[in-house]
Amino acid sequence: MTVPVVQARGLRKRFREKLAVADLTLAVGEGEIFGFLGPNGAGKTTSLKMLLGLIEPTGGTAQVLGAPLGNLRTRAGVGFLPEHFRFHDWLTGREMLRYHGRLYGLRGRKLEDRIEFLLARVDLVDAAGRKLREYSKGMLQRVGLAQALLNEPRLVFLDEPTSGLDPIGRLLVRDIIRDLKRAGTAVFLNSHLLGEVEATCDRVVFVKQGRAVGEMHMGDAGAGLEVELRVEPITSALLEGIARFGSALERADSLVRLRVDSEEALPALARWLVEQGANLYNMQAHRKSLEARFMEVMGEDQRPG
Amino acid sequence: MNGLLTIFQLTLAEARRRKILLATFVCGVAFLGMFALGFYFIHREMVKHAGMDQIKQRMMLTTFVLAGLFGVNFLTVMTAVLMPVDTLSGEIASGVMQTLASKPIRRSTIVLGKWAAHGLVLAGYLLFMAGGVLAIARVIGGVAPPGIQVGLPLMLLEGLVLMTLSIAGGTRFSTVTNGIAVLGLYGLAFVGSWTEQIGTMAGNESARYVGTAASLLIPSEALWQLAAWHMQPSVVRDLHLTPFSPASVPNGAMVAWALAYVAMVLVLAVRGLSRRPL
Ligand SMILES: Nc1ncnc2c1ncn2[C@@H]1O[C@H](COP(=O)(O)OP(=O)(O)OP(=O)(O)O)[C@@H](O)[C@H]1O
Ligand SMILES: [Mg+2]
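Protein sequence lines, in the order shown, are assigned to chains A and B. With the working numbering applied, the first sequence covers 1 to 305. With the working numbering applied, the second sequence covers 1001 to 1278.
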């Protein structure tokens, strides 16, 4: 990882008795699509607001784009789509983008071109002349997303960008995030939608009750593979031998389950079994799903709140 | 600077789009129409009774002009409090402020831009209303109160005191609470000022001090008293012939205090928003 675009150390936020964020330590790399995943009330929005300088942390330190929180110059390189996006609803979509662009210091032709490009990107060209008050929730969410990208940011914070969107809208957001990745923009994505995160993120951090409780790299074997074998006959020597290839060995009749670190373990394991003279009827490996990992990390006790 | 201008224009656009300007203008025109009608009839009556002595006629008409200006003063106060009452609290509550405050501008820029825009609208409103009253008096009755060039800026300063309080309150309180609080303070200053006037006439020192203390707390009514004092002929004010002739005239120090007051409250507004969790 090069210089992180977000670096937090022990970030804390207490609202009176409520500890919303207990101890947040994380780093997001340049161009990384980072998922911040947790149930309702886990402290996602609070964390993001601290990173944006909207609320003051109770403790800890953090840097965004290498500068301390709240730095003005930094904000010029950051985009933000709030959880409940609202803007002056007496403006039209295009006017709203224009005012926002000007707040980013953009002007003239460059701004107008950017606005038209983004309106097309979020599929709102036809509605751009209508007042925001007449927009549906999904349209507001999309114009809000356009707003977050006006300044061609190096880092975008998206707080549940697909809430209120229909499946087409969700795909659109997914596509936009892919575009951002291609352009080298880092994305800090707050979500509790596993599918969304799974489809877009490079890496996920799980939050629970204001703490980061786990991490998972998507698309690599870091999270391990689950292997299920049907072999006969099963002897204790065979089990011991299989155990050397992975961990968390389980056995039920002729089925053996274990977790291996990488795909390379699979042919080695098969070769070894054959060498032992065992009959291998079936061998299946599947990546541990984000959902399974999520449930594992969150535990059974998790309740919304 | 760009940010300030953008917030300024956004605020003006809001006043226009949300029909705030239209409503104030329409009500203002209705007020002026009423005043013109009243002035016309009173003036015609006087002209008929040619026997009435000239000085008395002038005095009555002047008093009516002052009553008109008092009406303008009251409307300016209301406009000053209500127009910006939700400009911060409303945007904080709706979440609009989150998007604004995450832009590369200082929060003080947001406050100052809004303050300047509302101040401009307020000044325009006062000029329109007071100008209307004065024009009507001049055209129909040929009456022109003295000291306008001092009185009107004082009235504007009074409006700015309350407008700034209303903006500052918006960083801490919800819209309704804020409106009630600022109007309550205005009422306090109003009663305080009258306590001072009557106390002075009655020669009661304690009442005078209470009034002065209230005027220091919110120098709005004192500014109106001073403005009214400047805008009437010396005969009228020296004889305390009307409710607009203060017995205890606020002095120049009160004006300096009011200016400092606006600056201080503005600083509080900036600090209030800067510290406000959004
Ligand atoms: N201003 C506040 N005052 C008091 N408590 C707050 C405040 N903001 C958030 N909290 C509390 O902090 C906790 C974390 O809230 P936060 O909004 O960060 O959660 P979240 O992970 O974004 O949840 P969701 O998925 O529902 O958006 C919650 O228990 C919430 O009640
Ligand atoms: Mg949230």
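Cβ coordinates follow ideal geometry from the N, Cα and C atoms, glycine included.
For residue i, the first and last residue of its enclosing alpha helix (DSSP H)
{"i": "His1230 of chain B", "result": "1220–1230"}
{"i": "Thr1175 of chain B", "result": "1175–1202"}
{"i": "Arg9 of chain A", "result": "Premise fails: Arg9 of chain A lies in the beta strand (DSSP E), 6–15, not in any alpha helix (DSSP H)."}
{"i": "Arg1271 of chain B", "result": "1252–1275"}
{"i": "Phe1128 of chain B", "result": "1107–1136"}
{"i": "Phe1035 of chain B", "result": "1020–1048"}
{"i": "Phe294 of chain A", "result": "290–298"}
{"i": "Gln1009 of chain B", "result": "1002–1017"}
{"i": "Gly164 of chain A", "result": "First-last for Gly164 of chain A: undefined, no H or E at that position."}
{"i": "Leu72 of chain A", "result": "72–75"}
{"i": "Val1161 of chain B", "result": "1148–1169"}
{"i": "Leu273 of chain A", "result": "265–275"}
{"i": "Leu306 of chain A", "result": "The structure shown does not extend to residue 306 of chain A, since chain A is modelled only from 1 to 305, so the question has no answer here."}
Delimiting residues of the beta strand (DSSP E) encompassing residue i
{"i": "Gln1057 of chain B", "result": "Not the beta strand (DSSP E): Gln1057 of chain B falls in the alpha helix (DSSP H), residues 1054–1082."}
{"i": "Ser247 of chain A", "result": "247–252"}
{"i": "Ala20 of chain A", "result": "18–28"}
{"i": "Val78 of chain A", "result": "78–81"}
{"i": "His286 of chain A", "result": "279–287"}
{"i": "Thr392 of chain A", "result": "The structure shown does not extend to residue 392 of chain A, since chain A is modelled only from 1 through 305, so no value can be given for it."}
{"i": "Gly35 of chain A", "result": "33–37"}
{"i": "Leu258 of chain A", "result": "255–260"}
{"i": "Val156 of chain A", "result": "155–159"}
Sequence-distant residues of the same chain with beta carbon closer than 7 Å to residue i, five excluded per side
{"i": "Ala221 of chain A", "result": "Any reading at Ala221 of chain A must be qualified, since the residue scores a pLDDT of 43, below 50, and its modelled position is unreliable; no value is offered."}
{"i": "Arg133 of chain A", "result": "Asp89, Trp90"}
{"i": "His308 of chain A", "result": "Examination of residue 308 of chain A is not possible in this model, given that chain A is present from 1 through 305 alone."}
{"i": "Thr58 of chain A", "result": "Arg12, Lys13, Arg14"}
{"i": "Leu180 of chain A", "result": "Val156, Val187"}
{"i": "Leu1004 of chain B", "result": "Thr1109, Leu1112, Gly1113"}
{"i": "Glu32 of chain A", "result": "Ala186, Asp202, Arg203"}
{"i": "Thr25 of chain A", "result": "Ala8, Arg9, Gly10, Ala212"}
{"i": "Leu1082 of chain B", "result": "Gly1179"}
{"i": "Glu198 of chain A", "result": "Met218, Leu290"}
{"i": "Leu273 of chain A", "result": "Val231, Leu280"}
{"i": "Thr45 of chain A", "result": "Glu83, Asp159, Asn190"}
{"i": "Met1001 of chain B", "result": "none"}
Interface partners of residue i on chain A, CB under 8 Å
{"i": "Thr1006 of chain B", "result": "Tyr99, Arg102, Leu103"}
{"i": "Ile1218 of chain B", "result": "Within chain A, no residue comes near Ile1218 of chain B; the closest Cβ sits about 31 Å away, beyond 8 Å."}
{"i": "Leu1278 of chain B", "result": "Lys49, Leu54, Ile55"}
{"i": "Glu1014 of chain B", "result": "His88, Trp90"}
{"i": "Leu1010 of chain B", "result": "His88, Tyr99"}
Cβ shell of residue i (< 6 Å), same chain only, five flanking positions each side left out
{"i": "Glu49 of chain A", "result": "A small correction: the amino acid at residue 49 of chain A is Lys; Glu does not occupy that position in the sequence shown. Only Ile55 meet the Cβ criterion."}
{"i": "Ala148 of chain A", "result": "Gly79, Phe80, Leu81, Val156"}
Chain-order list of residues whose beta-carbon lies under 8 Å from that of residue i (same chain, five-residue window excluded)
{"i": "Arg94 of chain A", "result": "Ile115, Leu119, Ala128, Gly129"}
{"i": "Leu1217 of chain B", "result": "Leu1185, Leu1188, Ala1189, Gly1192"}
{"i": "Leu1032 of chain B", "result": "Met1129, Gly1132, Val1133, Ile1136"}
{"i": "Leu194 of chain A", "result": "Leu37, Leu290, Glu291, Phe294"}
{"i": "Gly308 of chain A", "result": "This structure gives no information on residue 308 of chain A, because the portion of chain A shown stretches from 1 to 305."}
{"i": "Pro1145 of chain B", "result": "Thr1062, Val1065, Leu1066, Leu1069, Leu1134, Ala1137, Gly1151, Met1231, Gln1232, Pro1233"}
{"i": "Ser1102 of chain B", "result": "none"}
Contacts of residue i in chain A (Cβ-Cβ under 9 Å)
{"i": "Gly1170 of chain B", "result": "The premise fails here: Gly1170 of chain B is roughly 16 Å from chain A at the closest Cβ pair, so nothing lies under 9 Å."}
Interface partners of residue i on chain A, CB under 7 Å
{"i": "Gly1003 of chain B", "result": "Leu103"}
{"i": "Arg1018 of chain B", "result": "Trp90"}
Interface residues of chain B facing residue i [CB-CB closer than 7 Å]
{"i": "Arg75 of chain A", "result": "Ser1102, Lys1103, Pro1104"}
{"i": "Arg86 of chain A", "result": "Ser1094, Gly1095, Val1096"}
8 Å Cβ cut-off: residues of chain B touching residue i
{"i": "Leu72 of chain A", "result": "Pro1104, Ile1105, Arg1106"}
Test: residue i CB closer than 7 Å to a CB of chain C
{"i": "Glu1196 of chain B", "result": "In summary, chain C is missing from the structure at hand, where the protein chains are A and B."}
Partners in chain B for residue i, counting only beta-carbon separations shorter than 9 Å
{"i": "Pro82 of chain A", "result": "Gly1095, Gln1098, Thr1099, Ser1102"}
{"i": "Gln147 of chain A", "result": "Thr1099"}
Which residues of the segment 1082–1105 of chain B have a Cβ closer than 9 Å to any Cβ of chain A? Give them in chain order. Glu1091, Ser1094, Gly1095, Val1096, Met1097, Gln1098, Thr1099, Leu1100, Ala1101, Ser1102, Lys1103, Pro1104, Ile1105
Residue ranges of each alpha helix (DSSP H) within the segment 176–237 of chain A, 4 or longer: Positions of the alpha helix (DSSP H) runs, each at least 4 residues long and wholly inside the segment 176–237 of chain A, are given as 194–200 in order along the chain.
Beta carbons nearer than 9 Å to chain B: which residues of the segment 35–47 of chain A have them? Those residues of the segment 35–47 of chain A that come within reach of chain B (Cβ to Cβ, closer than 9 Å) do not exist; the list is empty.
Any chance you could list the beta strand (DSSP E) runs of at least 3 consecutive residues sitting entirely within the segment 77–136 of chain A, in chain order? Here the runs fully enclosed are 78–81.
Closer than 9 Å, Cβ to Cβ, to anything on chain A: give me those residues from the segment 1030–1064 of chain B, in chain order. none
Check each residue of the segment 1150–1166 of chain B: if its Cβ is closer than 7 Å to any Cβ of chain A, include it; give the result in chain order. none
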